[in-house]
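Structure first, then comments.
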Amino acid sequence: MISPSNEHPDYKDSVQKPSRFFILLAGFSFAVPTLLLYLYSYQTQVFEICGIEIRKIENQEETIDEIFSEFEPSNKSLATNTQLSKKIDDTLTRTNNTVLAFSDTTNQLTTRAFQNYEISDTTKHRVMIIGDSECGGLCFPLNDYCIENGHKLVLSFVWNSATIFNFAHSDTITRVIQKYKPSYVFLVLGLNELYAKDLKRRKQAADLLAKKMNGIPYAWIGPANYMEDFGINKVFESAADSGSYFLTDGLQLPRGSDGRHPSNQGYRIWMDSIASWMHLSSKYKIALKRPVKRNYTFKSQIMTLHAAKFRGY
Amino acid sequence: MLLNSVDIDMQNPFWLNIFKVETLKEWFAYSTTEPWFFTEFSFLAVFGIFLMIYSLLAKANTWRKIYIILFSIFFYYKSSGPFLGLFVLMIVSDYLFALAIHNKQGLTKKILLWLSLSYSLSFLLYFKYANFFIQNFNQLLDTSFTEHDLFLPIGISFYTFQSISYLVDVYKKEIPPTKNIIDYAFYMTFFPHLVAGPIVRAKDFLPQIVYPQIINASLYKESILRIIIGLLKKLFIADYLAKYVDIIHQTPSGFSGGENLLSMYAYSFQIYFDFSGYSDIAIGIALLLGYRLKENFENPYTATNITEFWRKWHISLSNWLRDYVYIPLGGNRKGVFNTYLFLLVTMLVGGFWHGADWRFVFWGFAHGLALIFHKVWKQFFPHATKKWYAQAFSVLLTFHFVGFCWIFFRASSFNSAFTSIQQILFNTQWQDFIGFWYSRPEICYVLLIAFFILFIPVKIKELIFSKIQLLPTITWILWVMIALQIIIQFKDEVVQPFIYFQF
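If you read the sequences in order, they're chains A and B. The working numbering puts the first residue of the first sequence at 182, with every later residue one more than the last. The working numbering puts the first residue of the second sequence at 113, with every later residue one more than the last.
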């Protein structure tokens with residue numbers, strides 16, 4: 182780094198002399214701005230300049246905590262899972278044929294037999310499944326369930342590589358809902374944001390997406406984690422209606438060759454688990470009795486987008 | 113509305129939080145998992161107050177040294193807690209060993225040197241490499257020795273190398289041993305270089321302790337500018353790139369060849385901006401205190417060959433390895449074959465120094481081979497062409513070789529590294545890059561900015577810096593304030609630890 186020109190008035194000889202004043206000035210140069218910024222960060226007041234919020238010094242750990250503290254259902258979900266585990270165990274005492282993979286509160290895999298649960302709601306639904314690449318795998322076992330239970334799978338909307346932002350910040354979802362008029366929606370997303378730590382932004386987007394469902398009953402299916410996430414599951418769970426979020430994390434699903442997506446068998450096990458959860462504890466229930474036959478011909482329309490080419494907003 | 117304030121909470125005045133007992137306890141607690149970084153705003157605030165008091169002591173050399181030592185010890189304690197005792201023990205023993213070495217002659221002197229070196233190295237070997245040796249021993253001989261639950265004290269690799277350089281220099285009579293333990297403690301604990309370098313040599317630094325400087329206006333501005341630039345490098349570029357690199361290296365097989373290739377570029381930029389950012393902050397802080405640390409980087413990615421790269425990359429380490437490993441082994445004095453062999457051994461030591469893992473050894477080995485190859489090449493083609501396209505090709509080739517080696521440096525395992533390379537070689541398509549542009553625009557922008565900063569001519573950079581330094585001195589508080597707010601505004605929510613902290 183070169184020294185500035187001596188021609189400038191600021192660089193007269195007297196100023197260039199070493200002086201303790203400059204150390205003091207340096208002290209002020211760091212202490213005053215940082216202390217002011219801290220004072221601003223400690224208060225609840227938020228300033229905006231030209232509509233842009235002036236951010237505060239934040240500790241990421243606290244940010245996550247804040248989001249989690251806002252999200253009391255986190256504990257509820259554990260409670261729900263506990264109840265669910267109990268229900269499953271109760272059911273097991275009566276039946277023991279079909280395979281259900283579901284994680285209990287301690288995240289241990291519980292492989293359970295499960296069958297013959299009663300289907301109270303026999304309404305035939307127009308089902309739509311929307312999501313990222315995992316939706317493209319899950320739609321096939323869902324197709325089997327729909328055919329066996331008399332529902333119509335009207336659209337499988339697969340938006341590869343998409344994140345919550347693509348779904349929330351575009352009008353794509355609203356448009357397909359308007360066009361296909363589903364009476365029940367499966368939302369499957371999150372695989373592309375397991376690494377995400379900007380949870381505040383994603384929470385806002387997730388809330389927006391939940392609003393876009395506009396009263397249509399839905400099941401929000403969490404991503405099949407291939408790595409530990411940084412809280413995206415909790416963010417989605419907090420955004421979804423109480424009892425409508427299916428926490429996939431903890432399920433041990435066979436994976437495909439890329440190590441990330443479930444294999445065909447994995448998708449089938451996943452769908453079986455969702456169906457069981459749907460019957461036992463989901464808020465919006467539809468009939469999803471386990472199909473006797475598998476691999477029905479897929480007649481639903483599949484719409485495929487790629488976030489790399491179409492971001493949506 | 114230009115300025116809009118909302119949500120004023122009059123019930124809970126903000127300043128009350130600062131004086132809570134919990135807040136104060138937090139200030140004086142240490143955390144080995146969350147070291148006190150230069151990038152922490154709490155550090156900058158405390159450092160500012162520290163400087164104000166320092167300005168009162170600056171003319172009393174002994175007091176200023178004691179004051180800096182105490183602050184350095186607190187700085188180290190914040191990240192290492194009880195391991196501070198180990199560090200102090202090493203300082204005292206080095207000081208005594210150096211005096212003893214200086215006073216003895218012949219065989220006794222040599223024995224004392226080896227004893228002192230073994231003693232200094234024993235800490236590093238135990239904490240950093242014990243488990244590595246146990247693992248390999250178990251695998252090799254099918255034994256089952258239990259691994260130790262070890263925490264690597266922060267900065268141990270750096271201060272051990274400093275300790276070695278001091279002891280060897282005293283042995284060779286290049287410098288006299290310090291008579292005053294305060295001087296030696298100052299050299300070792302000086303907080304700007306304590307935890308992640310640059311590796312400071314006693315012969316460069318000790319004279320500055322005896323005749324300390326006080327800054328003037330231009331040094332004040334240069335220091336502040338260096339610190340701000342360092343923060344920007346780290347928080348704007350390195351941390352954003354780290355996010356992308358982390359995703360890819362989690363499961364490289366799940367991403368296309370193009371994405372793996374871009375992660376190689378991203379990591380090459382990340383590690384440079386991370387470490388050179390740290391070095392900039394360290395140099396800036398030291399300068400404010402009146403001490404000049406040597407430059408650690410000189411545009412390394414513009415090197416036209418691997419030898420030049422190592423003259424420009426992590427200069428303090430390269431020089432250390434040259435002076436304390438390569439030359440003592442024999443350097444180029446024992447024939448061509450031995451020269452190559454010593455070069456390879458030196459780079460293997462360099463690789464192993466970075467971490468107790470075969471990946472680092474391989475990384476060092478690859479660089480060693482490349483250095484040998486370049487030496488052989490120069491034998492056959494001693495006059496390199498100066499034509500621009502040849503230079504550009506050489507820069508690209510060197511950069512890609514270095515980037516390729518970084519894959520092993522960053523990957524979580526050899527398998528992961530090979531998968532990434534396999535993806536790059538066999539699964540790369542043009543569409544990957546178009547997709548990348550659309551799906552990760554922020555990473556594209558950061559990559560482009562990083563590329564621009566790296567390859568912009570030095571003269572233009574210097575011109576820009578000199579223009580900035582013309583801003584009136586008294587206004588610099590305001591500029592710092594604006595710069596810090598811009599950093600808060602745009603930095604990633606998660607500040608990554610400096611990469612070299614782990615070494």
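Just so you know, even glycine gets a beta-carbon here, dropped at the ideal spot from N, CA and C. Predicted model, so just to flag it, every value in this text is computed and none were measured.
Rounded to a whole number of angstroms, what is the C-alpha to C-alpha distance between residue i and residue j?
{"i": "PHE602 of chain B", "j": "ARG445 of chain B", "result": "53 Å"}
{"i": "LYS392 of chain A", "j": "LYS381 of chain A", "result": "17 Å"}
{"i": "TYR254 of chain B", "j": "SER423 of chain A", "result": "Looking at the sequence provided, one finds Asp at residue 254 of chain B rather than Tyr. Going from the Cα of ASP254 of chain B to the Cα of SER423 of chain A covers about 54 Å."}
{"i": "THR286 of chain A", "j": "VAL369 of chain A", "result": "Unreliable positioning characterises THR286 of chain A in this predicted model, as indicated by a pLDDT of 33, which lies under 50. The coordinate reading is nonetheless provided below. Rounded to the nearest angstrom, the two C-alpha atoms are 22 Å apart."}
{"i": "PHE273 of chain B", "j": "LYS221 of chain B", "result": "20 Å"}
{"i": "ILE293 of chain B", "j": "TYR207 of chain B", "result": "7 Å"}
{"i": "LEU566 of chain B", "j": "TYR238 of chain B", "result": "38 Å"}
{"i": "ARG498 of chain A", "j": "VAL416 of chain A", "result": "With chain A covering 182 to 494 only, the question about residue 498 of chain A has no answer from this structure."}
{"i": "ILE185 of chain B", "j": "TYR223 of chain A", "result": "29 Å"}
{"i": "ILE180 of chain B", "j": "PHE245 of chain B", "result": "38 Å"}
{"i": "PHE545 of chain B", "j": "ARG471 of chain B", "result": "28 Å"}
{"i": "SER551 of chain B", "j": "ALA170 of chain B", "result": "53 Å"}
{"i": "ILE483 of chain A", "j": "TRP465 of chain B", "result": "54 Å"}
{"i": "LEU537 of chain B", "j": "PHE516 of chain B", "result": "12 Å"}
{"i": "THR174 of chain B", "j": "GLN325 of chain B", "result": "13 Å"}
Mind checking whether residue i and residue j have CB atoms under 7 Å apart?
{"i": "PHE187 of chain B", "j": "PHE303 of chain B", "result": "yes"}
{"i": "PHE385 of chain B", "j": "ALA350 of chain B", "result": "yes"}
{"i": "PRO364 of chain B", "j": "SER532 of chain B", "result": "yes"}
{"i": "ALA488 of chain A", "j": "PRO443 of chain A", "result": "no"}
{"i": "PHE140 of chain B", "j": "TRP148 of chain B", "result": "no"}
{"i": "THR344 of chain A", "j": "GLU315 of chain A", "result": "no"}
{"i": "GLY309 of chain B", "j": "PHE270 of chain B", "result": "yes"}
{"i": "VAL437 of chain B", "j": "VAL461 of chain B", "result": "yes"}
{"i": "ALA349 of chain A", "j": "ALA386 of chain A", "result": "yes"}
Whose C-alpha, out of the options, is nearest the C-alpha of residue i?
{"i": "PRO412 of chain B", "options": "B:LEU399, B:ARG404, B:LEU400 and B:PHE387", "result": "B:PHE387"}
{"i": "ASN417 of chain B", "options": "B:VAL461, B:LEU509, B:ILE165 and B:LEU337", "result": "B:LEU509"}
{"i": "PHE485 of chain B", "options": "B:LEU236, B:HIS361, B:PHE449 and B:HIS214", "result": "B:PHE449"}
{"i": "SER463 of chain A", "options": "A:ARG236, A:ASN373, A:TRP401 and A:MET394", "result": "A:TRP401"}
{"i": "THR540 of chain B", "options": "B:VAL473, B:PHE367 and B:ARG552", "result": "B:PHE367"}
{"i": "TRP500 of chain B", "options": "B:LEU262, B:TYR271, B:HIS214 and B:THR414", "result": "B:THR414"}
{"i": "ILE599 of chain B", "options": "A:ARG201, A:ILE235, A:SER438 and A:VAL213", "result": "A:ILE235"}
{"i": "LEU198 of chain B", "options": "B:MET164, B:LEU236, B:LEU229 and B:TRP175", "result": "B:LEU236"}
{"i": "ILE555 of chain B", "options": "B:ASP281, B:LEU374, B:ILE340 and B:ILE327", "result": "B:LEU374"}
{"i": "MET593 of chain B", "options": "A:SER210, A:PHE202, A:PHE203 and A:GLY318", "result": "A:SER210"}
{"i": "TRP422 of chain B", "options": "B:GLY476, B:PHE505 and B:ALA378", "result": "B:GLY476"}
{"i": "HIS214 of chain B", "options": "B:GLN491, B:VAL282, B:SER528 and B:LEU264", "result": "B:VAL282"}
{"i": "THR355 of chain A", "options": "A:TRP451, A:ARG441, A:MET394 and A:PRO472", "result": "A:MET394"}
{"i": "ILE561 of chain B", "options": "B:LEU353, B:PRO584, B:LYS285 and B:LEU262", "result": "B:LEU353"}
So with CB distances below 9 Å, who are the chain A contacts of residue i?
{"i": "GLY160 of chain B", "result": "ALA207, GLY208, PHE209, SER210, PHE211, ALA212, VAL213, PRO214, THR215 and LEU216"}
Going along chain A in order, which residues have a C-beta closer than 8 Å to the C-beta of residue i?
{"i": "THR363 of chain B", "result": "TYR407, MET408, ASP439, GLY440 and ARG441"}
{"i": "MET202 of chain B", "result": "Neighbours of MET202 of chain B on chain A: none; closest Cβ ~30 Å, over 8 Å."}
{"i": "LYS346 of chain B", "result": "Ordered by position in chain A, no residue passes the 8 Å Cβ test against LYS346 of chain B, which lies about 15 Å from the chain."}
{"i": "ASP358 of chain B", "result": "TYR376"}
{"i": "PHE153 of chain B", "result": "THR215, LEU218, TYR219 and ILE238"}
{"i": "LYS171 of chain B", "result": "ARG201"}
{"i": "VAL592 of chain B", "result": "SER210, PHE211 and PRO214"}
{"i": "ALA157 of chain B", "result": "PHE211, ALA212, THR215, LEU216 and TYR219"}
{"i": "TRP588 of chain B", "result": "LEU206 and SER210"}
What does residue i touch in chain B if you count any residue whose Cβ is under 7 Å from its own?
{"i": "PHE203 of chain A", "result": "ILE327, ASN328, ALA329 and TYR332"}
{"i": "ARG236 of chain A", "result": "ILE600 and GLN601"}
{"i": "SER342 of chain A", "result": "SER551"}
Pop quiz: residue i and residue j are said to be a contact at Cβ under 8 Å. What is the actual Cβ separation, rounded to whole angstroms?
{"i": "TYR448 of chain A", "j": "ILE328 of chain A", "result": "Not quite, the Cβ-Cβ distance comes to about 16 Å (not below 8 Å), so this is no contact."}
{"i": "ALA242 of chain B", "j": "LEU224 of chain B", "result": "Actually they do not touch by this definition, with Cβ atoms about 26 Å apart."}
{"i": "ILE413 of chain A", "j": "PRO363 of chain A", "result": "Incorrect: roughly 25 Å between the Cβ atoms, too far for contact."}
{"i": "VAL308 of chain A", "j": "PHE338 of chain A", "result": "Between PHE338 of chain A and VAL308 of chain A the Cβ distance is about 12 Å, and since that is not below 8 Å, they are no contact."}
{"i": "LEU433 of chain B", "j": "THR458 of chain B", "result": "5 Å"}
{"i": "GLY389 of chain B", "j": "GLY342 of chain B", "result": "4 Å"}
{"i": "LEU279 of chain B", "j": "SER228 of chain B", "result": "5 Å"}
{"i": "ASN324 of chain A", "j": "LEU334 of chain A", "result": "5 Å"}
{"i": "ILE327 of chain B", "j": "LEU264 of chain B", "result": "Between LEU264 of chain B and ILE327 of chain B the Cβ distance is about 35 Å, and since that is not below 8 Å, they are no contact."}
Using a C-beta to C-beta distance shorter than 7 Å, which residues of chain A count as neighbours of residue i?
{"i": "PHE526 of chain B", "result": "Within 7 Å Cβ-Cβ: nothing; PHE526 of chain B doesn't reach chain A, min ~17 Å."}
By the criterion of Cβ-Cβ separation under 8 Å, what are the contact partners of residue i in chain B?
{"i": "LYS198 of chain A", "result": "ASN328"}
{"i": "ALA488 of chain A", "result": "TYR550 and SER551"}
In chain D, which residues lie less than 8 Å from residue i when you measure between Cβ atoms?
{"i": "ILE336 of chain B", "result": "Among the protein chains of the structure shown, namely A and B, there is no chain D."}
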